[in-house]
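Peer 1: Numbering (the working numbering), first residue to last: 602 to 910. Here it is: the structure, laid out below.
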């Protein structure tokens, strides 16, 4: 890498987009190429039976058969479906369908676990990140900061991240249909303004969304309308999360839209729709997306996530 002598830098900016709030950097081996390879993954949940498996077998166990895939990209980006806090779990052992079963908190070691497996950037803009209110979100950011994991989509602040690679800058922008800090969805106009600002500053806008209808295998009309508006505004690619199942891929005006990648780390096993997820490896150059590779994955009942062979 040509910048920071082998560092990848994340600049986290506020909605104003004028002054970076702070910079995160992590040491990485110098890349033998210009451009960047980014692997996109879906929803990650580290509570309930996933938390129990980690306590019994160690965090690396759940990544043990997918780790080589994660390390084969310069950066892995995924949705962190809940806060990282020092609070004890209320969902472990709770009745299925009860409120506590959907109130997540992840162990403080989660941030370092993500970093060890090359998941160096996470989306916080989702419907569970505020399960332990604003203080839980602030704890999450502190643990991510300490582990060198970047983040974007802070509810209520709509933070973005600029990831600088050799020869290009990617701007990661969130759209959250279920913003828990306001009780309503994020304004699409905010996301569109961020996309346009990224293009004007010479960055490549990457939009990672949290939207749609849970367990629906096709996208909603609202999601399709928004995705097209984001591309029209200048987004290079749109990646979706939240439905917990894989939804369709669309090419619109020559740009890729993945409406939902499904589950990545989760303890849902009742049918193939929730067990089968998708990773998307994207090669970027200074001119945008050069290639896209889809990698099917499956949630195993031993709590590991594995590539489909």
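We put the beta carbon where it would ideally sit given N, CA and C, even for glycine. Fair warning: this is a prediction, and the values are worked out from it, not measured in the lab.
Count the CB pairs spanning the region 698-713 and the region 757-765 that are closer than 8 Å, and state whether there are at least three.
Peer 2: No, they do not touch.
Peer 1: Work out the CA separation of residue 722 and residue 746 for me, nearest whole Å.
Peer 2: Rounded to the nearest angstrom, the two C-alpha atoms are 11 Å apart.
Peer 1: Counting Cβ pairs closer than 8 Å, one from the region 792-801 and one from the region 811-824, do we hit at least three?
Peer 2: Because the criterion of three Cβ pairs below 8 Å is not met, the region 792-801 and the region 811-824 do not touch.
Peer 1: Is the Cβ-Cβ distance between residue 882 and residue 899 less than 8 Å?
Peer 2: No, these two residues do not count as a Cβ contact at 8 Å.
Peer 1: Going residue by residue through the region 819-863, where are the continuous alpha helix (DSSP H) segments of at least 4 residues, counting only ones entirely within it?
Peer 2: List check, alpha helix (DSSP H) in window: 822-834.
Peer 1: Go ahead and label residue 580 buried or exposed: buried means 16 or more other beta carbons lie within 10 angstroms of its beta carbon, across all protein chains shown.
Peer 2: Outside the shown range of the chain (602 to 910) lies residue 580, about which nothing can therefore be said.
Peer 1: Is the Cβ-Cβ distance between residue 845 and residue 865 less than 8 Å?
Peer 2: Contact flag unset, no.
Peer 1: List in chain order: all unbroken beta strand (DSSP E) runs of 3+ residues lying wholly within the region 750-819.
Peer 2: List check, beta strand (DSSP E) in window: 751-753, 761-766, 769-777, 805-811.
Peer 1: Let me know the alpha helix (DSSP H) ranges lying completely inside the region 856-910, each 4 residues or longer, listed in chain order.
Peer 2: Listed in chain order, the complete alpha helix (DSSP H) runs (minimum 4 residues) inside the region 856-910 are 873-876.
Peer 1: Tell whether a beta-carbon distance below 8 Å holds between residue 805 and residue 837.
Peer 2: Yes; because the gap between Cβ atoms is below 8 Å, this pair is in contact.
Peer 1: In the DSSP assignment, find the beta strand (DSSP E) that holds residue 745 and state where it starts and stops.
Peer 2: Here residue 745 belongs to no beta strand (DSSP E); instead the alpha helix (DSSP H) covers 734-748.
Peer 1: Judging by CA-CA distance, which residue of 691, 657, 641, 680 is the nearest neighbour of residue 673?
Peer 2: Of the listed residues, the one whose Cα sits closest to residue 673 is 641.
Peer 1: Around the Cβ of residue 755, are there at least 16 other Cβ atoms within 10 angstroms (buried) or fewer (exposed)?
Peer 2: Answer is buried; the Cβ neighbour count reaches 16.
Peer 1: Can you check DSSP and say which residues form a bridge with residue 667?
Peer 2: Residue 667 pairs with nothing; no bridge assigned.
Peer 1: Based on the DSSP output, what are the partners of residue 646 in its beta bridges?
Peer 2: According to DSSP, residue 646 bridges with nothing at all.
Peer 1: Is the beta carbon of residue 733 closer than 8 Å to that of residue 696?
Peer 2: No, they are not a contact pair.
Peer 1: Please classify residue 699: is it buried, with 16 or more other beta-carbons within 10 angstroms of its beta-carbon, or exposed?
Peer 2: Answer is exposed; the Cβ neighbour count stays below 16.
Peer 1: Please report the Cβ distance between residue 725 and residue 681, rounded to the nearest whole angstrom; I am assuming they are in contact, meaning their Cβ atoms lie under 8 Å.
Peer 2: 6 Å between Cβ atoms; contact.
Peer 1: Can you give me the start and stop residues for the alpha helix (DSSP H) that residue 721 sits inside?
Peer 2: No alpha helix (DSSP H) holds residue 721; the beta strand (DSSP E) holding it covers 720-724.
Peer 1: Mapping DSSP to helix, strand and coil, what is residue 730?
Peer 2: If DSSP states are grouped into helix, strand and coil, residue 730 belongs with coil.
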